Amino acid sequence: MAQHRRRRTTALALGVPLILTAAGGLAYGVLPGSQPRASAATTAAPAWATATADGFASVDALGQNGTYGGRDGQIVTVKTLADLEKYATASEPYVIVVAATITMDPVGKEIKVQSDKTIVGSGTSGQIVGGGFFLGSGVHNVIIRNLTIRDAYQGVWNDKEHDFDAIQMDGAHHVWIDHNDLRHMADGLIDVRKDSTYVTVSWNKLSQDNKAFGIGWTENVVTDITIHHNWIRETEQRNPSTDNAAHAHLYNNFLEDVAGTDISSSYGNYSRGATRMVLENSWFQGFKNPVIKDSTASIVQKGNTFVGTSGRNESGGTAFDPKTYYAYTLDKTADVPALLKSGVGPRSSIGTTATASTKAAAATTLTVAKDGSGQYSTVQAAVNAVPANNPTRVVISVKPGTYRELVKVPSNKPHVTIQGSGGSRNDTVIVYNNASGTPKPDGSGTYGTGGSATVAVEADDFQARNLTISNDFDEASHQDIANQAVALRTAADKVFLDGVIVSGDQDTLLVDTAAKDKLGRVYMTNSYVIGNVDFIFGRATAVIDKSVITLKKRWNGTSAGYVTAPSTAAGRKGILIANSTVNGDVSSASFYLGRPWHAGGDASLDPQTTVRNTSLSAAIKSTPWTDMSGFSWKDDRFAEYKNSGAGSGAASSNRPQLTDAQATGQEVADWLGDWTPSSS
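Position 29, counted from 1, in the sequence shown is what the numbering used here calls 506; the numbers after and before it change by one each time, with no gaps.
Structure representation (structure tokens):
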């Protein structure tokens, strides 16, 4: 069966991390949940409703232009099975927000979803228990995101009687399954059957099941499928099993078989029949027979890592080039476990509401492209074009490329978003190389620490997503001024960084405030911060959430450094690192988590860093806090709570831990106060 395809030329909205989407960034809207039944909205749809798929689901074919779900329909909130089924089975398009735990009746029920639907969980509250969704022949343009689908298990491990899947497709096309938690069902978690095609499965956690993910079961070789940034953990078989797929592109997945549990893997990625599979930059941990193929099938492996695996690990046959069909960017294989542990599954409630009372103004978009195809060729030129004191959102969409320039968003230009339009945050890079001590071009002296920033943000309500901000100052060549070299400086309130990479060495990310007495809140999620000395620092109230903090060696190859250097004012919140990972290719026990920065010797400051629910690598010292410039860390506010990993440790006088009661007052919401970051 011949299929007509052409490459899409539109920008792709990708899942995080960005890590960090991978994959680009995601933000999900949250409806307030006060309605007793479903309510339709007529306002402009928020970002999670208008997002489009990447991978094969983005390809124009079979009369369908990519996969965008129900973005052209009404937005409704559902809390009951009756309402969910009513809208999911309707003939017209809908964005259906699941804002409660919905139990299927009878157990095993699979709602027959019709075309042109987005079904999305409201934060982490959208859960389907005891059943799932079925997409039949010809059903197309369906998005299932941000849901937990669980617990249809009937007590028989290899259950041949109950076909209770989380998501099953029989002859569907253009389907995107993204950021879900699928577990503990009676048969498979995902079944893509009977020539279903143009499917992308991204940023999901699949776990606690006999059969994770089956594809094919037909003699026709037509299925095109992309599987990326999924954490497949504690599943026995079909991880996935791919039968007679024309093109199966698997990349940046993490397959984990945990030792000592009741669940043991029989095989990992399986290429069956006439499948042609490209398998890239994935991490296999503890799996038996991690990669296998039939004699008639193909697997081309590139850049994969195998740790503690055994048995068959096979490749061979002819490949295809996925970039013939769509654009994508690989994350480094070494980053995959940490990236996926923090980035897969449903995202927290950080989105905007979407009811009739929230009439959002449409954003103005300015385009930037180095090749002249945009309105502006530099990012700063687009910033300059934003009207002073603009009252509504202005989005500066930056096409892929490296922009070597300095960018400043002045305080009189609020509500600005700078976002990369490429398939990954690696595609769009803003970079410069000033350091503290670099001569200014006008001869008026040298830059200071703050002045060295590649990107400086002084305007409130700023957002950045799906791009890289870097300072590539060469310390080795400039030892005369080997000082601080800031990539990003924020000196504003309500700064939202989503799906970005902020990269440098010393003093990478300066989270500041407009003045000592001014509040400055920063929320970073699904992102990377890279550096070595005091590389997250300043007096802002800043949250690093669900992100990867990467430690790097100094210019001379030595390992030593400090993650944070807060200079918090008394009575304010400082730096909070939560639900994240701290790692890097550095020596063991070589990095401190932080030290107190009393800027200018100001003894009235009360620096604070809290690191909680975060995985710490062996690079972190057993005494993770230290003094600075004559000020003792013990006189300020430094603490941990329920961290894990080789670099974590028990409470002691040199390693204070929050009590459970104290921890309740040091949550993300406590840092952000009355501000709920939302994509716009």
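Positions of the beta carbon are idealized from the N, C-alpha and C atoms, including for glycine.
Everything numeric in this text was worked out from a predicted model, so none of it was measured.
The beta-carbon distance between S913 and Q956, rounded to whole angstroms, is 14 Å. This is too long to meet the 8 Å contact definition. Leaving aside the five residues that flank N1131 on each side, the residues in its chain whose CB is nearer than 7 Å to its CB run, in chain order, T1100. Here the segment 810-827 makes no contact with the segment 765-775; the two share fewer than three CB pairs at distances below 8 Å.
If you draw a straight line from the Cα of A941 to the Cα of T738, it comes to about 42 Å.
Taking C-beta separations shorter than 8 Å and ignoring five residues to either side along the sequence, the partners of V884 in its chain run V856, Q857, V860, I895, I907, T931, V932, A933, following chain order. The continuous stretches of beta strand (DSSP E) do not include G1107, and DSSP gives it neither H nor E. In the DSSP annotation of this structure, the continuous segment of the alpha helix (DSSP H) that includes D560 starts and ends at 558-565.
Within the same chain, Cβ atoms closer than 6 Å to the Cβ of A1128 are found at Q1134, the five residues on either side in sequence being excluded.
Inclusion of I596 and L558 in the CB contact set at 8 Å is not warranted, their separation being larger than that value.
Your pair K993 and A1046 checks out as a contact, with CB atoms roughly 6 Å apart and the cut at 8 Å.
Going by beta carbons, Y728 and D701 fall outside the 8 Å limit. Judged by beta-carbon spacing, T985 lies within the 8 Å limit of V963, meaning their Cβ atoms are closer than that value. The C-beta separation of G763 from D734 comes to about 4 Å, placing the pair in contact by the 8 Å criterion. Contact between K1098 and A1066 holds: their C-beta atoms lie close to 5 Å from each other, under 8 Å. By the C-beta density criterion, A865 is exposed, having fewer than 16 other C-beta atoms within 10 angstroms. Going by DSSP, D668 is part of no alpha helix (DSSP H) but of the beta strand (DSSP E) stretching over 665-670.
The segment 930-997 is shown to contain whole beta strand (DSSP E) runs of 3 or more residues at 932-934, 940-942, 945-948, 965-968, 972-975, 978-980, 986-989, in chain order. Residue pairing for S1129: DSSP places it in a beta bridge opposite R1132.
Of all alpha-carbon atoms in Q685, K917, T703, the one lying nearest the alpha-carbon of D798 is that of T703.
With respect to D672, K688 sits apart: the two C-beta atoms are not nearer than 8 Å. For P1043, the uninterrupted beta strand (DSSP E) segment begins and ends at 1038-1043.
When Cβ pairs closer than 8 Å are counted between the two stretches, the segment 1013-1023 is seen not to touch the segment 1116-1124, the count staying below three. Here DSSP, grouped into helix, strand and coil, assigns F533 to helix.
Nearest to A936 by alpha-carbon distance, out of P868, D636, T1002, D549, is P868. If you draw a 10 Å sphere on the C-beta of S1155, you find 16 or more other C-beta atoms in it, and that means buried.
Distance from the CA of S787 to the CA of I644, rounded to the nearest whole angstrom, comes to 30 Å. According to DSSP, residue pairing for K589 in a beta bridge involves F611.
Following the DSSP letters along the chain, one finds K800 in no alpha helix (DSSP H), marked with neither H nor E. When secondary structure is reduced to three states using DSSP, L732 falls in the strand class.
Within the same chain, Cβ atoms closer than 6 Å to the Cβ of L539 are found at H650, the five residues on either side in sequence being excluded. Nearest neighbour of V871 by Cα position, chosen from D938, A815, G899, G615, turns out to be D938.
Here G532 is near H705, since their CB atoms are less than 8 Å apart. Put simply, the backbone Cα of D655 is about 44 Å away from that of L1082. Under DSSP, A1123 takes part in no beta bridge, so it has no partner. A straight line joining the alpha-carbon of V988 with that of I588 spans about 47 Å. For G785, the number of other beta carbons within 10 angstroms of its own is below 16, and it is reported as exposed.
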